[in-house]
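Engineer:
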Amino acid sequence: MSSRSDAEVIGRSLGEPEAFGLIYDRHAATLLRFLGRRVGARVAEGLVGELFRIAFERRKTFDASRATALPWLYGIGSNLLLKHRRDEARRLRAGARMAAGLEAADARASARALDARVLFPRVADAIEALPDGEREALLLFAWEELSYQGVAEALELPIGTVRSRLNRARARLRELLDAKGKDRVRAQ
Amino acid sequence: MKPVDLARKLRREAAFEPAALERGRAVLMVAIRREAEPTRRPTIVPQVPYQDISAALSFLERAFGFREIPTARFVSADGELLHATVEFGNSLVGVGGQGHHGAISPMSGGVESQFISVEVDDVDAHYRRAVAAGARVADELRDHAWGERTYWALDLEGHRWRFGQPTRQHS
């Protein structure tokens, strides 16, 4: 049983609903961490069961040609997160403060510490301001380390669309870096 | 620094309560049960007592092809399995510990006061599977004049089961 692919298990669960429990056992911890990174542990704990309940109810629509259900589950999670944008924004800003602190401690150089304090909150704001589709693609790629193909499966998009969304998201973040560079020049 | 690496630096891990996964699982199980139950409501459910519930479940699956319904497990606070339910076709059998409700296993009581009769699709294949899994055959596989092919088996604690398949259409 444990050697069966996700697609086989989900196929079996159409006639034997309990079989879907194995999909939970395989992937719930990964999805719980994913949700936690985005909205924090407290909200994530409430969402993980909901995510799998939705997946269970939609299991007929799972594309059986996919060996692993993980991107599909990420996609359902991404949709759930849209309802929790405020929790996510708060967490992203808190993450930015922390990252700035770490960067400062790493560098032990006041110039870099200052840069980090300015830079990370702005990166957080920029990610926060991305259109939903671009933010989702960027975070699935950068945080969850899904491949382009994985992101495409999660968001149910052609791979070319994923590539262009990621390119746009990167371009926006790069503008920010350039703008920061100019600020520094002006300050000197 | 690359924009993606910059985004990566803002990734933050959350610390979970250990029970978080269990609670999530419970939410899923409610949904599964809601879907599974309407198709599985026999009016009469035999309850069969065993000395060792886990061994019985594993035997019943291996030998007879009965499948446990994971959502129907009843476990005590300290983790002991108290009762389980297996399904086969449109029927259910309860698998419990002996001693509760006055019922005991033939392994302790020495008496098989009743048997359970099960209709299967392919009694020959079922017979081979049961024998391979160590079921004791109490009555060999054979045809009956009334149009049925049956065999009888004793499970690992001596409960008596009858498996049959109709051999001709009634006209």
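Line by line, the protein sequences give chains P and U.
Just so we're aligned, residue 17 is where the first sequence starts under our numbering, counting upward by one.
Just so we're aligned, residue 437 is where the second sequence starts under our numbering, counting upward by one.
Backbone N, C-alpha and C define an ideal beta-carbon position, used for all residues, glycine too.
Remember, predicted model here, so these are calculated numbers, not experimental data.
(1) Compare the C-alpha of U:E584 against each of U:T507, U:T603, U:D557, U:D488 and name the closest.
(2) Grouping DSSP H, G and I as helix and E and B as strand, with all else coil, what is P:E169?
(3) For P:Y164, I'd like the list of residues in its chain whose CB is within less than 7 angstroms of its CB, leaving aside the five on either flank, ordered along the chain.
(4) Under 7 angstroms, do U:R598 and U:L590 count as touching if we go by C-beta distance?
(5) P:G37 touches chain U at which residues, Cβ-Cβ below 9 angstroms?
(6) Tell me, to the nearest whole angstrom, how far the beta carbon of P:L156 is from that of P:A145; I am working on the premise that it is less than 8 angstroms.
(7) Interface residues of chain U around P:R69 at Cβ under 7 angstroms?
(8) Flag P:V201 as yes if its beta-carbon sits less than 7 angstroms from any beta-carbon of chain U, otherwise no.
(9) Within 7 angstroms of any Cβ in chain P, is that where the Cβ of U:P542 sits?
(10) Express the C-alpha separation of U:A499 and U:Q483 in angstroms, rounding to a whole number.
(11) Which full runs of the beta strand (DSSP E) of 3+ residues lie inside the stretch 477 to 512 of chain U, going along the chain?
(12) Whose Cβ in chain P lies nearer than 9 angstroms to the Cβ of U:A472?
(13) Whole angstroms is fine: what's the gap from P:R202's alpha carbon to P:D131's?
(14) What three-state label does DSSP hand P:L118 in the structure shown?
Structural biologist: Result, derived from the coordinates:
(1) U:T603
(2) helix
(3) I175, V178, R179
(4) no
(5) R461, L464, M465, I468, P506, T507
(6) Not a contact, Cβ separation roughly 18 angstroms.
(7) Correct list: V463, L464, A467.
(8) Model confidence at P:V201 stands at a pLDDT of 43, short of 50, so the residue's coordinates are unreliable; what they give is reported in the following sentence. So, not an interface residue.
(9) no
(10) 19 angstroms
(11) 483 to 486
(12) At a C-beta separation below 9 angstroms, U:A472 has these neighbours in chain P: E32, P33, E34.
(13) Below a pLDDT of 50, predicted positions are generally treated as unreliable, and P:R202, at 44, falls in that range; the measurement from the model is reported next regardless. Between P:R202 and P:D131, the C-alpha separation is close to 14 angstroms.
(14) DSSP places P:L118 in helix when its eight states are reduced to three.
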